[in-house]
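S.K.: The structure's right below; bear with me while I get my questions together.
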Amino acid sequence: MRRSGGALKVSVVTPSFNQGAYIERTIESVLAQRGAFDLEYLVVDAGSTDETLSILRRYEGRLRFVSERDRGQSDAINKGFRMTTGEVVAWLNSDDTYAPGALDAVVRTLTRTGARWCFGECPIIDERDAEIRSAIARYKTWVSRRYSLRRLVGRNFIPQPATFFRRDLLDEVGPIDESLHFAMDYDLWLRFARVAEPVFVPQPLARFRWHGASKTGAGYRAGAWECFRIASARARGVERLALPEHLLHLAAQLAVYRLLDLSRPR
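Quick note: the sequence shown uses our numbering, first residue 2, plus one each step.
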């Protein structure tokens with residue numbers, strides 16, 4: 002990709018499998034980004050059998066894609082990281098979207114502060130792009146403004162779609178743990194946090210889509226327990242004092258999500 006006079010290159014990877022109902026909105030949200038950066042966009046598809054590939058072909062020349070069997074989402078993301086070359090890296094799942102101006106805000110923040118990673122606000126949306134569960138998003142923003150490593154051990158509040166990092170940080174801590182199925186992002190954030198403190202960007206950078214067919218929507222219980230196991234394995238010294246808090250937060254989270262599921266129109 003041609004460089005624009007020394008501008009940072011941002012590489013976005015989208016792991017994909019049979020998300021034809023949503024992936025075009027994901028793609029459009031990435032390609033609509035504007036700012037003083039170069040964009041490299043790669044979709045790593047696992048051999049979708051729905052309309053995904055026909056959608057991707059319509060965007061050839063504006064993005065790259067590969068479609069082949071893989072060992073799951075974490076494998077696809079790691080493959081995408083290896084196939085891209087940007088100094089700033091992120092992944093955006095095939096049902097989530099970026100907010101307008103997100104990448105420009107990220108590049109400006111990383112350039113101004115010298116930070117190695119950053120994250121921002123992330124509203125939750127439904128199948129029709131309507132905002133839902135706003136209290137959860139507001140709570141995560143409240144905690145994010147008070148970031149500390151101990152708080153991160155105590156709960157997973159950093160929204161994956163709204164998180165961006167420098168490639169040299171990823172190279173330092175290593176790739177995503179492919180043995181994890183739900184909370185691979187949380188594990189990566191804890192490893193990042195050991196070597197660099199993030200900067201919080203106080204604006205929406207992405208939108209996380211919650212729907213019954215999504216991996217998180219269908220498996221939030223398993224994901225919550227995986228987070229706790231990761232926190233238990235990664236905590237050191239006095240950080241372990243945050244583990245009971247994490248367990249209490251897990252119980253409250255499961256109760257709230259269960260109530261939200263029960264109140265959701267069928």
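Here a beta-carbon is modelled for each residue, glycine too, at the ideal position from N, C-alpha and C.
May I have the straight-line CA-CA distance separating Leu248 from Ala8, to the nearest angstrom?
M.R.: Rounded to whole angstroms, the separation of the alpha carbons of Ala8 and Leu248 is 44 Å.
S.K.: May I have the straight-line CA-CA distance separating Tyr344 from His182, to the nearest angstrom?
M.R.: Coverage of the chain is limited to positions 2 through 267, which leaves residue 344 absent and any answer about it impossible.
S.K.: Let me know the secondary structure DSSP gives Trp190 once reduced to three states.
M.R.: In the structure shown, Trp190 sits in a helix (DSSP, three-state: H, G or I).
S.K.: In or out: Val239 buried (at least 16 other Cβ within 10 Å) or exposed?
M.R.: exposed
S.K.: What is the C-beta distance between Ser95 and Ile24, in whole angstroms, given that I count them as a contact (C-beta under 8 Å)?
M.R.: 5 Å
S.K.: Please state the DSSP three-state secondary structure of Gln204.
M.R.: strand
S.K.: List the endpoints of the continuous beta strand (DSSP E) containing Cys119.
M.R.: 118-122
S.K.: Any contact between the segment 128-144 and the segment 167-175? By contact I mean 3 or more CB pairs, one from each, below 8 Å.
M.R.: no
S.K.: How many angstroms separate the CA atom of Ala207 from the CA atom of Ala223?
M.R.: Separation of Ala207 and Ala223 (C-alpha to C-alpha, rounded to the nearest whole angstrom) is 24 Å.
S.K.: Pick from Gly21, Thr50, Glu173, Arg26: whose alpha carbon is nearest that of Val196?
M.R.: Glu173
S.K.: Find out if the Cβ-Cβ distance for the pair Ile56, Gly102 is shorter than 8 Å.
M.R.: no
S.K.: When the Cα atoms are used, what is the spatial distance from Thr114 to Leu153?
M.R.: Rounded to whole angstroms, Thr114 to Leu153 spans 21 Å at the Cα level.
S.K.: Does the beta-carbon of Pro245 have 16 or more other beta-carbons within 10 angstroms, so that it is buried, or is it exposed?
M.R.: exposed
S.K.: Comparing alpha-carbon positions, which option in Asp76, His250, Ile28, Phe38 lies nearest Arg58?
M.R.: Ile28
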